[in-house]
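Q: Per our numbering, the sequence shown starts with residue 311, numbered consecutively.
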Amino acid sequence: MPPMPSPATLNPMGHPTATVQEALKALQSPDNAVRSASEAALGGFPLAQLLPALAQSVREDGVPSSEQHLAAILLRRCLQSRWNEVENSNPADTDALLQQTLECLLQAVLESSEGMVKKSAADAAAEVWRRKQTRSLEDAPVAIIARWLAEPELGQLETATALFRLFDRLCEDEEIAPRLTQTHGASLARKVALALQQGRGGGKESEACMTAALEALVTCVSSLPSSSTIRASLCDLAPLLLSVLFVSPSPALFVSSQQLAETFPQFFAGHHAALLELVVRVVGSHGADAGADDDVKAVALNVAVSAVTSAPKWARKNLNIVKPLLEVLADCCGRVTSDEETWSSKDREEDDDEEDRLAQEALALATRVAERLNNNAVLEMLLHICTSFLASDDWRRHLAALSLLAALLEEEHSSLSVIAHSDEVVAVCLLRLQSPHARLRWAALNCLCCLLQQEEREGSVTEREKNLLEKLLESLHNETNNRCRRKGLQAVAEFFSNFGADDDEGPAMDPEVYAQLSPYIEAALQNAVVPLCDSSDAQTQELALAVGSVLAQVSGQHFQRFFSFFMGAVRRLLSVDFPSFLKTHPHGCSLLETAVEFAGALATAVGMEVFAPDAPWLLERLVEIQNVCSEGTADASLQATAMETVGIVAKVMGPAALPFLPAVSPIVLARVRQHVDCDFAEAIATGNEEAGASVSEEGRISKVNITDKSGRQTVISINTAAVEEKCAALRLLASLATSVGGQMPPDTAVEWAAAVTAESRGRFALIRKEALG
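(1) Tell me the DSSP secondary structure of glutamine 744 in three-state form.
(2) CB-CB under 8 Å to leucine 1076, same chain, minus the five flanking residues each way: which ones, in chain order?
(3) How close, in whole Å, do the beta carbons of leucine 673 and alanine 717 come, if the pair is a contact with beta carbons under 8 Å?
(4) Give the range of the alpha helix (DSSP H) segment to which cysteine 545 is assigned.
(5) Take cysteine 739 and list the residues in its own chain whose beta-carbon comes closer than 6 Å to its own, dropping the five residues that flank it on each side.
(6) Have a look at glutamate 637 and proline 746 and give me their C-alpha separation to the nearest angstrom.
(7) Alpha helix (DSSP H) containing valine 938: first to last residue?
(8) Could you give the DSSP three-state label for valine 864: helix, strand or coil?
(9) I need the straight-line Cα distance from glycine 512 to aspartate 605, nearest angstrom please.
(10) Below 9 Å between beta carbons: does that hold for valine 880 and valine 933?
(11) Nearest to glutamate 671 by alpha carbon, out of Glu722, Leu714, Asp887 and Ile486?
(12) Over what stretch of residues does the alpha helix (DSSP H) that includes lysine 254 continue unbroken?
(13) From this set, Glu907, Arg931 and Ala505, which residue's C-alpha is nearest glycine 858's C-alpha?
(14) Taking 8 Å as the line, does the beta carbon of phenylalanine 873 fall inside it for any heavy atom of the ligand PLP?
(15) Measuring alpha carbon to alpha carbon, tell me which residue in Lys776, Leu929 and Ala584 is nearest methionine 963.
(16) Just the C-alpha distance for alanine 350 and glycine 910, rounded to the nearest angstrom, thanks.
(17) How long is the line joining the alpha carbons of glutamate 273 and glutamate 773, rounded to whole angstroms?
(18) Alpha carbon to alpha carbon, what distance is there between serine 537 and serine 620?
(19) Taking the straight line between their C-alpha atoms, what separation do you get for serine 702 and arginine 751?
(20) By DSSP, does alanine 435 sit in helix, in strand, or in coil?
(21) Measure the alpha-carbon distance for arginine 882 versus arginine 658 and round it to whole angstroms.
(22) Would you give the residue range spanned by the alpha helix (DSSP H) that glutamate 525 belongs to?
(23) Taking only the alpha-carbon atoms, compute the straight-line gap between leucine 407 and threonine 327 and give it to the nearest angstrom.
(24) Counting only the same chain and skipping the five closest in sequence on each side, list residues whose C-beta sits under 6 Å from that of aspartate 560.
(25) Check each candidate in Arg440, Ser391 and Glu395 and name the one with the smallest Cα separation from glutamine 409.
(26) Which whole-angstrom value describes the C-beta separation of alanine 675 and asparagine 612, a residue pair presumed to lie in contact below a C-beta threshold of 8 Å?
(27) Looking only at its own chain, which residues have a Cβ that is under 7 Å from the Cβ of proline 374, when we skip the five neighbours before and after it?
(28) Using alpha carbons as the reference points, say which of Ile454, Leu447, Ala453 and Glu413 lies closest to alanine 434.
(29) Look up methionine 268 in the DSSP assignment and say whether it is helix, strand or coil.
(30) How far does the alpha helix (DSSP H) with valine 1060 in it reach, from first residue to last?
(31) Output the distance between the C-alpha atoms of alanine 336 and arginine 345, rounded to the nearest integer angstrom.
(32) Just checking my contact of glycine 644 with alanine 710 at CB under 8 Å: how many whole Å lie between their CB atoms?
(33) Can you tell which of Gln867, Leu855, Ser1049 and Leu360 has its C-alpha closest to the C-alpha of serine 828?
(34) Quick check: valine 531 and leucine 570, are their CB atoms within less than 9 Å of each other?
(35) Counting only beta-carbon atoms, is aspartate 605 nearer than 9 Å to chain D?
(36) I want to know whether the region 889 to 900 touches the region 790 to 809 - three or more CB-CB distances under 8 Å.
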């Protein structure tokens, strides 16, 4: 382990290059204290000293390649985060500093023996060049690129890779890029062709060079003026690229090909048949590593879909070429693991099925084709494929068809086409409820859920609907698989939700409709909801309560005869010690939230006369939940639901809720007044080579992290939990004020009015809307 740097060894007034090299060694130490001391020491150097020292470390012989690579990354980071130190200095001095730094980096690009160092030096060189006050096509980086492009040979592979990368990064300069690409675009295309021709032999170095060449080509196309004649000539590379992909179907090459298809829709024009042949071949192959194999298949499908959807007019006129792609996508929708035990053991329905990534990707791509082409013929083609799959003897094809139908139902652009065949969809789904394969039963129930979510109905209950409900309840009663039970409960909830009234008087059913469905409601409660409320599976228990909540809402006062049992279930669930329960139950928040929501539905359904004895107890428990949430041990969604239920119970109680205001008011006002953080910041680049965006949840903060090609990150963080809680608290204040009416104490009324008025001028439109509403 390197010794911890001391002030003596890392003195900023000492020799910068030697000191920096010591720090680079220390930065790779497993000891956090050593790394922190090294970072602090480097931070103590003025940027004008640090840049040349880092550049010298990148170029200098004898320095380990890992340290050279790190030096190049640090140099780029320092430019991004500390540029203001020299930005306003004497322009001549600044240009001299940048030129000195640039010369070292370019020398490393050309002469280093390590490909990793060459690439990071290219990134850093482009960053340095972009900082110059004046840039031209005669500058050293461009001149080096020009000389290399003019050579008839590709040259050493790792150097070629770095120079392709340098060209790519130089084109990020929006001022220079159009002239750079217009001047050297044709030469770049010839060099890309050389890289592809030499890369057919395979090997990691060849693959890296071809990938860098294609990335440079994508950037070149993006930067070329739309009127440039060079663009058309680039299409000549398509057959060569396809021939390489036939031999070396690597994910990296497919990703670059996808970017080409999206950036330059004409690139694969005239070659779609060959592209689809390639994709069918790749998707049909079976490698030793199933996970890596699926990754290649997924990106191959993405290339084909991007090529088709980037030219929608062409695709609509050539549906004979689109059809094989749709068939391949549909087939992949059924490529799932055969391990039903692992599939059945998933705790939560909302968790991703990591083992079925290819099937999920294929579903998303199939719906994307339907959406982008927005053509009835395409949708009918997909439905025909589903029909042919359902006629086969392969249960996986049945699964693929049902999954695809569900995905189409979830999309606004395609749902109407599927709903037009709703009788057939219901029939095939009900038939699959008898399957011995739990996954197929689940898929059938999921498809029915999606259909029920989309259907709009009115009037009396039809015989077809009664038959559907009977089959759903029968399936749920006989089902033993927890995942199928959950999906069956969801389907029952969706069914009854469709019959609720949609008016200001509440969600209770029309009396005539209730008379038709009341036997089924009782059957659902006795045979499914009541037994599964005590399920050992947490999410099954939640969904049983959710179905009970729906049935309470649509039944209205008819639900009074079931009130005793369900209020007992609510009391049992909400009598726990909340802090302890939330610590020991991984999804305790979700279960408590469902129970709280159900309690509100019960109160609304049965009315104050029946609910009165339990109302004080429930309000007391809801206040306790608010206290626990305020301490940060529960999430915002539970707090918002608890606030909503307090409002519902207060509305049922009317003026009788007045004694509870002293306990509720401080908690609600604290949520109304809490500060909502929203930060927009550029973070130091991580050196990550992949561009993209990611969203993450960290505590109560939602972060959007956007990374550009150079590795610079822009982080936007918003306390979305606080926004959610503020809105819920404002709605609760309005509900409580309405419930207690003129009996509210004057001091409380003044305090509430002041809090609401302040939020009506808040930063977020969502919060202002709630305050003003």
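Idealized CB from N, CA, C, for every residue including glycine. Fair warning: this is a prediction, and the values are worked out from it, not measured in the lab.
A: Straight from the coordinates:
(1) For glutamine 744, the three-state secondary structure derived from DSSP is coil.
(2) Same-chain partners within the cutoff: Val1033 and Cys1037.
(3) Yes, leucine 673 and alanine 717 are in contact; Cβ-Cβ is about 5 Å, under 8 Å.
(4) First-last for cysteine 545: undefined, no H or E at that position.
(5) Ala754, Cys757 and Leu758.
(6) Glutamate 637 and proline 746: Cα-Cα distance of roughly 26 Å.
(7) Valine 938: member of the alpha helix (DSSP H) spanning 925 to 940, first to last residue.
(8) Looking at valine 864 - three-state DSSP - the assignment turns out to be helix.
(9) Across the structure, glycine 512 and aspartate 605 are spaced so that their CA atoms are roughly 19 Å apart.
(10) No.
(11) The closest CA to that of glutamate 671, considering only Glu722, Leu714, Asp887 and Ile486, is found on Leu714.
(12) For the chain, the structure presents residues 311 to 1083; residue 254 sits outside this window and is missing.
(13) Among Glu907, Arg931 and Ala505, the Cα nearest to that of glycine 858 is on Glu907.
(14) As far as ligands go, the structure on display features none, and thus does not contain the ligand PLP.
(15) It is Leu929.
(16) Cα to Cα, the separation comes out at about 56 Å.
(17) This structure gives no information on residue 273, because the portion of the chain shown stretches from 311 to 1083.
(18) Taking the straight line joining both Cα atoms gives about 19 Å.
(19) Looking at the two C-alpha atoms, the distance is approximately 17 Å.
(20) DSSP places alanine 435 in helix when its eight states are reduced to three.
(21) So the two alpha carbons sit approximately 23 Å from each other.
(22) Where glutamate 525 is concerned, the enclosing alpha helix (DSSP H) stretches over 514 to 533.
(23) The alpha-carbon of leucine 407 is positioned some 15 Å away from that of threonine 327.
(24) Here residue 560 turns out to be serine, not aspartate, going by the sequence shown. Within the same chain, and ignoring the five residues on either side of serine 560 in sequence, the residues whose Cβ sits closer than 6 Å to its Cβ are Glu517.
(25) The alpha carbon of glutamine 409 has as its nearest neighbour, out of Arg440, Ser391 and Glu395, the alpha carbon of Arg440.
(26) Per the sequence presented here, residue 675 reads as leucine, with alanine not at that position. With a Cβ gap of about 7 Å, leucine 675 and asparagine 612 count as contacting.
(27) The beta carbon of proline 374 sits closer than 7 Å to none of the beta carbons in its chain outside the five residues before and after it.
(28) Glu413 is the residue among Ile454, Leu447, Ala453 and Glu413 whose C-alpha sits nearest the C-alpha of alanine 434.
(29) With the chain covering only 311 through 1083, there is no way to say anything about residue 268.
(30) Element bounds for valine 1060: 1056 to 1069.
(31) Straight-line Cα distance between these residues: approximately 6 Å.
(32) Yes, glycine 644 and alanine 710 are in contact; Cβ-Cβ is about 3 Å, under 8 Å.
(33) Checked all of Gln867, Leu855, Ser1049 and Leu360; the closest Cα to serine 828 is Gln867.
(34) Yes; because the gap between Cβ atoms is below 9 Å, this pair is in contact.
(35) No chain D appears in the structure shown, which is made up of a single protein chain.
(36) Fewer than three pairs of CB atoms, one per stretch, sit closer than 8 Å, so the region 889 to 900 makes no contact with the region 790 to 809.
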